[in-house]
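Single-structure report; data block below.
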Amino acid sequence: MKKNIILVISIILLLASIGLFGYLYLENKKLEDEIATNKENIKKVEESIKTDQEQITEKEDEYEKLKEKVKDSLEEMKIWEDLKEELNKSLS
Amino acid sequence: MGRSKGRIKQVFIIITLVFFVAMLALSYMMYQKYNNNKTEKDKIVANYQEIMNNKELDDEKIKEINDKIDELNNIDEKIKTLRNDVYKLSGDLEKKIKSGETTKKIAYLTFDDGPYYNTYKVLKILKENKVKATFFTTNVNKEKCYDNKNANCHEVYAAIAKDNHTLANHTYTHGWNRGLYTNTNTFMDAIKKQEALIKEKTGVTTNIARFPGGSSTPGYTKGKAMKKALNEAGYGWVDWTASDGDGGSLPNYATGMKNFKGTINDKIEVVLFHDYHQVTTAMLPEVIKYLRDKNYIILPLFYESVMVNKG
Chain S
1013 MKKNIILVIS IILLLASIGL FGYLYLENKK LEDEIATNKE NIKKVEESIK
1063 TDQEQITEKE DEYEKLKEKV KDSLEEMKIW EDLKEELNKS LS
Chain X
-12 MGRSKGRIKQ VFIIITLVFF VAMLALSYMM YQKYNNNKTE KDKIVANYQE
38 IMNNKELDDE KIKEINDKID ELNNIDEKIK TLRNDVYKLS GDLEKKIKSG
88 ETTKKIAYLT FDDGPYYNTY KVLKILKENK VKATFFTTNV NKEKCYDNKN
138 ANCHEVYAAI AKDNHTLANH TYTHGWNRGL YTNTNTFMDA IKKQEALIKE
188 KTGVTTNIAR FPGGSSTPGY TKGKAMKKAL NEAGYGWVDW TASDGDGGSL
238 PNYATGMKNF KGTINDKIEV VLFHDYHQVT TAMLPEVIKY LRDKNYIILP
288 LFYESVMVNK G
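If you're matching them up, the sequences are chains S and X in order.
Sequence positions in the first sequence follow the working numbering and run 1013 to 1104.
Sequence positions in the second sequence follow the working numbering and run -12 to 298.
Here you go:
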């Protein structure tokens, strides 16, 4: 009788430990999948950042060239802005 | 038999417990691995977040540069808007000046009878001093400039328009003593021809005119009909309230400045100059300084101005 009880308890403990292991295994697997996905995402974003950096350099060049091209217009705009400001001050 | 069964149970119990211990050990190892992975995941998530933040910054930077590029591409439109804002505010200031609500004053610098080759010099001085003026143009020079036969005076129109000064109409012929004022038709014909010339050279449609010799030159009756015709054609007209006398004989700088200062008395002045005159050209920086020191804001004329007569 005593041995039967011990046997049952042993089996229960074994089953519980199998359950615990299974749970931990699955959770771990989930984590590993998430890590893999995140690593992949990071790689993608890093590639995208590289493209962005190239785009930024290109755009900055374009902006500088355009700025040089419309230098006179920028000066012209400044004159009108100053006139507007002076008028606003005179009216306030 | 009973003993044998008991032994089997004993062995089974031992095996079960051994497996149990083994599973516990494996679970512990799995737990350790889980913890390690969790730490790694947290690091990766933090890293990912940082990279995403950098990406967002890059995206913002790209947007910012694109906006700046758009702004530069639309700069002419922006200047046009600013110019309209300035006209609107100038109108408001005129009202305040007229009602005595401000001590600020306005001067409209106007240049008649051009364009000449010398107009380039005038434009340069105006640009250096950040002044916008009004050019009452005529075709007396035609394509050859009197003051530089090698220069094409029709090209000067574009230079005036490029600097956003007000282009105004001083008739095609300027022939105040050569049939311009014979009747309303001869006058309006000269207005329309000059309007077409300016439009062709710059794309600007004029809406402010000045009578060669002044609005009294055609005489009262003829003048009245001409002013009505101008109004019907969408024009306002303007005379002047101040000048340096460069339309007559202006011998030198000192006389020019004396003449000019002697006529600056009103709160809103329309100053008459001629862009061919060397003395006036030389005087310009001092004229601008004088007006600014006297609390004048120097502006280009615009159709809605109180100084532009309608009808």
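Ideal Cβ placement from N, Cα and C applies to all residues, glycine included.
Query                                                                                                                                                                                       : Result
Just grab the DSSP bridge partners of alanine 229(X) for me.                                                                                                                                : Val258(X)
What's the C-alpha gap between phenylalanine 247(X) and valine 274(X)?                                                                                                                      : 8 Å
Just to make sure I have the definition right: I need the residues of chain S whose C-beta is within less than 9 Å of the C-beta of valine 32(X). Which are they?                           : Glu1046, Asn1050
Among the residues of its own chain, which have a CB less than 8 Å from the CB of serine 300(X), if the five just before and after it don't count?                                          : The structure shown does not extend to residue 300(X), since chain X is modelled only from -12 through 298, so no value can be given for it.
Below 8 Å between beta carbons is the criterion; list the residues of the stretch 17 to 49 of chain X that meet it against any residue of chain S, in chain order.                          : Met17, Tyr18, Lys20, Tyr21, Asn24, Lys25, Glu27, Lys28, Ile31, Val32, Asn34, Tyr35, Ile38, Met39, Asn41, Lys42, Asp45, Asp46, Lys48, Ile49
DSSP on tyrosine 144(X), reduced to helix/strand/coil?                                                                                                                                      : helix
DSSP has alanine 241(X) in a bridge; who is on the other side?                                                                                                                              : For alanine 241(X), which the question treats as bridged, DSSP gives no partner whatsoever.
Going by other Cβ atoms of all chains shown within 10 Å of its Cβ, with 16 needed for buried, is alanine 241(X) buried or exposed?                                                          : exposed
Would you mind giving the Cβ-Cβ distance between lysine 92(X) and asparagine 282(X), rounded to the nearest angstrom? I have them listed as a contact below 8 Å.                            : 6 Å
Starting from glycine 221(X), trace the beta strand (DSSP E) in both directions and tell me its first and last residue.                                                                     : First-last for glycine 221(X): undefined, no H or E at that position.
For lysine -8(X), does the three-state DSSP call read helix, strand or coil?                                                                                                                : helix
Looking only at C-alpha atoms, which of Tyr144(X), Arg70(X), Glu88(X) sits nearest to asparagine 156(X)?                                                                                    : Tyr144(X)
Does leucine 11(X) get closer than 8 Å to chain S when you measure Cβ to Cβ?                                                                                                                : yes
Kindly confirm or deny that the stretch 209 to 226 of chain X and the stretch 191 to 198 of chain X touch, where touching means at least three C-beta pairs closer than 8 Å.                : yes
Establish whether the CB of glutamate 1059(S) and some CB of chain X are separated by less than 8 Å.                                                                                        : no
If I'm right that glutamate 1074(S) touches isoleucine 62(X) with Cβ under 8 Å, what's the distance once you round it to whole angstroms?                                                   : The pair is not a contact, with the Cβ atoms about 15 Å apart (cut-off 8 Å).
Which one or two residues does DSSP pair with alanine 196(X) in a beta bridge?                                                                                                              : Asn156(X), Trp224(X)
Please report whether the beta-carbon of aspartate 79(X) lies at a distance below 8 Å from any beta-carbon of chain S.                                                                      : yes
In chain X, which residues lie less than 7 Å from aspartate 1094(S) when you measure between Cβ atoms?                                                                                      : Lys117
Note down the Cα distance separating alanine 212(X) from lysine 117(X), rounded to an integer number of angstroms.                                                                          : 38 Å
Just verifying my parser: in three-state terms, what is the DSSP assignment at glycine 235(X)?                                                                                              : coil
Taking threonine 121(X) as the reference, which of Lys25(X), Leu278(X), Leu154(X) has the closest Cα?                                                                                       : Leu154(X)
Apart from the five residues just before and just after alanine 94(X), which ones in its own chain have a Cβ nearer than 7 Å to its Cβ?                                                     : Glu256, Val258, Leu278, Tyr283, Ile285
Kindly list the residues whose CB is nearer than 8 Å to the CB of lysine 1014(S), restricted to its own chain and excluding five residues on each side of it in sequence; keep chain order. : none
Quick one: measure Cβ to Cβ for threonine 124(X) and isoleucine 52(X), integer angstroms, because I've assumed they're closer than 8 Å.                                                     : Not a contact, Cβ separation roughly 41 Å.
For asparagine 208(X) versus alanine 177(X), is the C-beta spacing smaller than 8 Å?                                                                                                        : Looking at the sequence provided, one finds threonine at residue 208(X) rather than asparagine. No, these two residues do not count as a Cβ contact at 8 Å.
Run through DSSP, which three-state label would threonine 1069(S) get?                                                                                                                      : helix
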